[in-house]
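S.K.:
Protein chains in written order, with our numbering: chain A, 181 to 597; chain B, 181 to 597.
#1: Is the shortest distance between the beta-carbon of residue 516 of chain B and the beta-carbons of chain A less than 8 angstroms?
#2: Does the Cβ-Cβ distance between residue 335 of chain A and residue 230 of chain A come in under 8 angstroms?
#3: Who pairs with residue 323 of chain A in a beta bridge, going by DSSP?
#4: Keeping to the same chain, check which residues put their C-beta closer than 7 angstroms to that of residue 232 of chain B; ignore five residues upstream and five downstream.
#5: If you reduce the DSSP assignment to three classes, tell me which class residue 482 of chain A lands in.
#6: So is residue 322 of chain B in contact with chain E if we call contact Cβ pairs under 8 angstroms?
#7: As an exercise, report each continuous beta strand (DSSP E) stretch of at least 3 residues that is fully enclosed by the stretch 309 to 375 of chain A, in chain order.
#8: Does the distance from the CB of residue 383 of chain A to the CB of residue 393 of chain A come in under 8 angstroms?
#9: Can you give me the C-alpha to C-alpha distance between residue 497 of chain B and residue 477 of chain B, rounded to a whole angstrom?
#10: DSSP state of residue 444 of chain B, grouped into three classes?
#11: What distance in whole Å lies between the Cβ atoms of residue 331 of chain B and residue 242 of chain B, which are believed to be in contact at a cut-off of 8 angstroms?
#12: For the alpha helix (DSSP H) containing residue 266 of chain A, name the first residue and the last one.
#13: Just by C-beta distance, which residues in the stretch 397 to 422 of chain B are closer than 7 angstroms to chain A?
#14: Closer than 7 angstroms by beta-carbon distance: list the chain A residues that pair up with residue 574 of chain B, in chain order.
#15: Here's the rule I'm using: 16 or more other beta-carbon atoms within 10 Å means buried, otherwise exposed. How should residue 594 of chain A be labelled?
#16: Just checking: is the beta-carbon of residue 558 of chain B within a distance shorter than 8 angstroms of some beta-carbon in chain A?
#17: With three or more beta-carbon pairs closer than 8 angstroms as the criterion, would you say the stretch 561 to 568 of chain B touches the stretch 260 to 267 of chain B?
#18: Within the continuous alpha helix (DSSP H) that includes residue 231 of chain B, where are the two ends?
#19: Output the boundary residues of the beta strand (DSSP E) element that contains residue 505 of chain B.
#20: Taking only the alpha-carbon atoms, compute the straight-line gap between residue 359 of chain B and residue 569 of chain B and give it to the nearest angstrom.
#21: Which of the residues in the stretch 536 to 553 of chain A, read from start to end, lie with their CB under 8 angstroms from any CB of chain B?
#22: Opposite residue 419 of chain B in the DSSP bridges: which residues?
#23: Indicate whether residue 324 of chain B and residue 292 of chain B have their beta-carbon atoms separated by less than 8 angstroms.
#24: So that I know if they touch, is there some Cβ in chain B lying closer than 8 angstroms to that of residue 202 of chain A?
#25: If we count the other Cβ atoms within 10 Å of its Cβ and call it buried at 16 or more, is residue 522 of chain B buried or exposed?
#26: Could you compute how far the alpha carbon of residue 541 of chain A sits from the alpha carbon of residue 515 of chain A?
#27: According to DSSP, residue 573 of chain B sits in a beta bridge with which residue or residues?
#28: If contact is defined by three or more beta carbon pairs under 8 angstroms, each pair taking one atom from either stretch, is the stretch 415 to 432 of chain B in contact with the stretch 452 to 472 of chain B?
#29: Give me the Cα-Cα distance between residue 190 of chain A and residue 371 of chain A, rounded to the nearest whole angstrom.
#30: Let's see if you can read the secondary structure: which residues bound the alpha helix (DSSP H) around residue 473 of chain B?
#31: Hey, quick one: how far does the alpha helix (DSSP H) through residue 392 of chain B stretch, first residue to last?
#32: Quick one, which of A/551, A/572, A/238, A/234 has its alpha-carbon nearest residue 407 of chain A's?
#33: Comparing alpha-carbon positions, which option in A/450, A/271, A/192 lies nearest residue 503 of chain A?
#34: Measure the C-alpha to C-alpha separation of residue 532 of chain B and residue 196 of chain A and round it to an integer number of angstroms.
#35: Need the endpoints of the alpha helix (DSSP H) that residue 526 of chain A sits in, please.
#36: Look at residue 404 of chain A and residue 520 of chain A and say whether their C-beta atoms are less than 8 angstroms apart.
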């Protein structure tokens, strides 16, 4: 392989990772707080860099939603700074020893949580990811290699430069925050085979990008392709609760991965539940796509096509299916779901326990909105991303997801017989 | 991709994995005990199948060590049966809910341990791995796809057939134990890209095989290439303890991955420690390869070449290096180690704590033989393998390594504001 700039950045990050791993919690938190301060102090420079990205975005006629996500106004920069301060406030996830057991021969065996080493982050659009992920990696003692999207290139570079400068002021090798200063897929492809230097790849962005990364990476990938989240309204549901939760899950923020995309309704309750639910949805501007039985109950809604069942609309659109029972609802989720988040609305005790146990998604809920599937809402402090890869971390990933446990043993001369 | 027999077995295992995941602990343990009984009852058939492998091995002039590992005599079959009974005896790793916390809005959030889904096992030589891994997978609620080495093909198939038959008797889909009935690397290459059906690949065997798997797999791989384990004898070591531990780590079973391959000695203690240590090693038949300073103290030993420092001898050979201090010992381990197991021998409190924290290997010990780095010795019940991949599981992997935690939430109508 040609040992170009990506190789250079990753191998330097691997070297620097040892220093980061050795910092005390106090040192790491002081760095994070100084980074927050430095972002605020460099408000003007950041906005200037961001202006270049915004101008290019306007020229390339990006959607207003995309331009919105790109924009670093004062509020957005303050939010980044606050996020770093919040990360500084959570407990150090590394260095503690857990589960120390005394073996019959007197050997004490336990586990110490340590950093993974080097986190490879591949992301699109939102420049705040640069600061968030760098902050989470430092907190967990990891180095990071950042490869942001081309549309936010100048903003990302400006943020990374500020953060690296803070490392320098603290006498820490700035290589611990590696920023890949080239765009284009070639850099991604080079990055994901550097398994001697990068320990995990976390891609965030469009499904296309994530699939390319997953298919070509020689490094373990933690990712989710999409969130096709379901709510199953059981025959024993409290109807008012069901209306509120379903509305919230679909309407409160439809463009995110933990919004509901398919509503499953037990046939026993469909006639009582669906008309009022549909009335509320329609008055909130939701476009419903119903199965045959749903269309027989509701007038004037679109008939769902087969491809509606695994669609992530990310919009005010909802697929609705009437099922014979919870069994069929779980089969539907199993077949069409994305292992992200599912919720059952019911007052039936046994059904809650069976649903919680049987549904294999990374978050399974009872009587709550799918919108809670989020690291912050779950109390993880902050979120690196959500994993539906059934390895290492499953569901919202906080700083603990950036660590691993090694075995530690205290002996007093034990030898093996 | 051509959808051949490997695809067929993996996709059927994925289907069957849902049934296995739903079994109660009592059912799983009853299956495991019946499997043990069935192996004992089929002693003759197993030995007949094994005879075919042994005959082929003799014809192919395999080493006597390899033929030994292949052999399924009565004792070896009884050991397999006992291992399955032992696995039946450990607690069910799945289904419990941990760390349930009440969020400010009243939502209860916790984690439930669940099976990974389908484990892909690629292994060489020892046919007992077939029964051990199938047993560990059933215990943890996983389906398994087994791809054993060609030299044990008939033995492996006979064992898998017996285990599948027990599943049938219990009314469980036998596809949960998938056995790939073709040899050759093509089957391996087909298996490791089936990321829609297999959740993790665990390769055990020679470094060459493992590298091919790691480089080509589209599925996360948990593996260790080799075990270059170090012991560092610090200036503050108890010399008698050091003699005993070093002897044990090198000599008790030199052919395994947790045996010591390099001895590092603090220069302050080298003159006092090395002559007696060398006398004991030489009288046990150990061939020493010393650094320059070591050769100045010990007569008649071979000078170490640069390539000795990262060699896994798996034999009565030991590299010996004198270092200036613990810092240099840790740098040596960092540079040449394999992230497997390292031990420090010292009575110095501060050094133990620094060594434990700073050395990044999957097992780090104080005053104990590296030979203890083993799932059984650590109390994990049984071992799937040892991972030096810095993801998911690090160090000896028991049944817990075959599980993942999903989030579960109990609400009473929570919606997100």
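Every residue, glycine too, gets a C-beta built ideally from N, C-alpha and C.
M.R.: Short version:
#1: Position 336 of the second chain holds residue 516 of chain B. Not a single CB atom of chain A sits nearer than 8 angstroms to the CB of residue 516 of chain B.
#2: Indexing the first chain from 1 puts residue 335 of chain A at position 155. Indexing the first chain from 1 puts residue 230 of chain A at position 50. Contact: yes.
#3: Here residue 323 of chain A refers to the residue found at position 143 when the first chain is read from its first residue. Residue 323 of chain A is bridged to A/298.
#4: Position 52 of the second chain, counted from the first residue, corresponds to residue 232 of chain B. Correct list, in chain order: 334.
#5: Along the first chain, one-based indexing puts residue 482 of chain A at 302. Reduced to three states, the DSSP call for residue 482 of chain A is strand.
#6: Among the chains of the structure shown, chain E does not appear; the protein chains present are A and B.
#7: 323 to 327, 357 to 359
#8: Here residue 383 of chain A corresponds to residue number 203 of the first chain, with the count starting at 1. Here residue 393 of chain A corresponds to residue number 213 of the first chain, with the count starting at 1. Going by beta carbons, residue 383 of chain A and residue 393 of chain A fall inside the 8 angstroms limit.
#9: Residue mapping note: residue 497 of chain B aligns to position 317 of the second chain, counting from 1. Residue mapping note: residue 477 of chain B aligns to position 297 of the second chain, counting from 1. For residue 497 of chain B and residue 477 of chain B, the distance between alpha carbons rounds to 18 angstroms.
#10: Numbered from 1 along the second chain, position 264 holds the residue referred to as residue 444 of chain B. It is a strand residue.
#11: Numbered from 1 along the second chain, position 62 holds the residue referred to as residue 242 of chain B. Numbered from 1 along the second chain, position 151 holds the residue referred to as residue 331 of chain B. About 7 angstroms separates the two Cβ atoms, so the contact holds.
#12: As a position in the first chain, residue 266 of chain A is number 86, starting the count at 1. It spans 254 to 269 - the alpha helix (DSSP H) in which residue 266 of chain A sits, taken as one unbroken run.
#13: 398, 400, 421
#14: By 1-based counting over the second chain, the position of residue 574 of chain B is 394. 584, 585, 586, listed in chain order.
#15: Taking the first residue of the first chain as position 1, residue 594 of chain A is located at position 414. Residue 594 of chain A comes out buried.
#16: Here the question's residue 558 of chain B lines up with position 378 in the second chain. Yes, contact with chain A.
#17: yes
#18: By 1-based counting over the second chain, the position of residue 231 of chain B is 51. That run of the alpha helix (DSSP H) goes 223 to 239.
#19: Numbered from 1 along the second chain, position 325 holds the residue referred to as residue 505 of chain B. Note, residue 505 of chain B: premise wrong, no beta strand (DSSP E); not H, not E.
#20: Position 179 of the second chain, counted from the first residue, corresponds to residue 359 of chain B. Position 389 of the second chain, counted from the first residue, corresponds to residue 569 of chain B. It is roughly 26 angstroms from the alpha-carbon of residue 359 of chain B to the alpha-carbon of residue 569 of chain B.
#21: 536, 537, 538, 540, 541, 542, 543, 544, 545, 546, 547, 548, 549, 551, 552, 553
#22: In the second chain, the residue the question calls residue 419 of chain B occupies position 239. For residue 419 of chain B, which the question treats as bridged, DSSP gives no partner whatsoever.
#23: Residue 324 of chain B sits at position 144 when you count from the first residue of the second chain. Residue 292 of chain B sits at position 112 when you count from the first residue of the second chain. Going by C-beta atoms, residue 324 of chain B is not nearer than 8 angstroms to residue 292 of chain B.
#24: Residue mapping note: residue 202 of chain A aligns to position 22 of the first chain, counting from 1. By this cut-off, residue 202 of chain A is an interface position.
#25: Position 342 of the second chain, counted from the first residue, corresponds to residue 522 of chain B. With 16 or more other Cβ atoms within 10 Å, it is buried.
#26: Reading the first chain from its first residue, position 361 is the one you call residue 541 of chain A. Reading the first chain from its first residue, position 335 is the one you call residue 515 of chain A. Cα atoms of residue 541 of chain A and residue 515 of chain A: separation of roughly 12 angstroms, rounded to the nearest angstrom.
#27: Locating residue 573 of chain B in the second chain gives position 393, where the first residue counts as 1. The partner list for residue 573 of chain B (beta bridge, DSSP) reads B/571.
#28: yes
#29: As a first step, residue 190 of chain A is located in the first chain; it is residue number 10 there, counting from the start. As a first step, residue 371 of chain A is located in the first chain; it is residue number 191 there, counting from the start. Between residue 190 of chain A and residue 371 of chain A, the C-alpha separation is close to 8 angstroms.
#30: On the second chain, position 293 is the one that residue 473 of chain B refers to. Counting along the chain, the alpha helix (DSSP H) containing residue 473 of chain B begins and ends at 472 to 477.
#31: Your numbering for residue 392 of chain B matches position 212 in the second chain. Taken as a continuous stretch (DSSP letters only), the alpha helix (DSSP H) holding residue 392 of chain B covers 387 to 396.
#32: Taking the first chain and counting its residues from 1, the one referred to as residue 407 of chain A is at position 227. Comparing Cα-Cα distances from residue 407 of chain A to each of A/551, A/572, A/238, A/234, the minimum goes to A/551.
#33: Here residue 503 of chain A refers to the residue found at position 323 of the first chain. Checked all of A/450, A/271, A/192; the closest Cα to residue 503 of chain A is A/450.
#34: For the purposes of this step, residue 532 of chain B is taken as the residue at position 352 of the second chain. For the purposes of this step, residue 196 of chain A is taken as the residue at position 16 of the first chain. One C-alpha to the other measures close to 24 angstroms.
#35: Along the first chain, one-based indexing puts residue 526 of chain A at 346. Element bounds for residue 526 of chain A: n/a, residue is neither H nor E.
#36: Your numbering for residue 404 of chain A matches position 224 in the first chain. Your numbering for residue 520 of chain A matches position 340 in the first chain. Yes.
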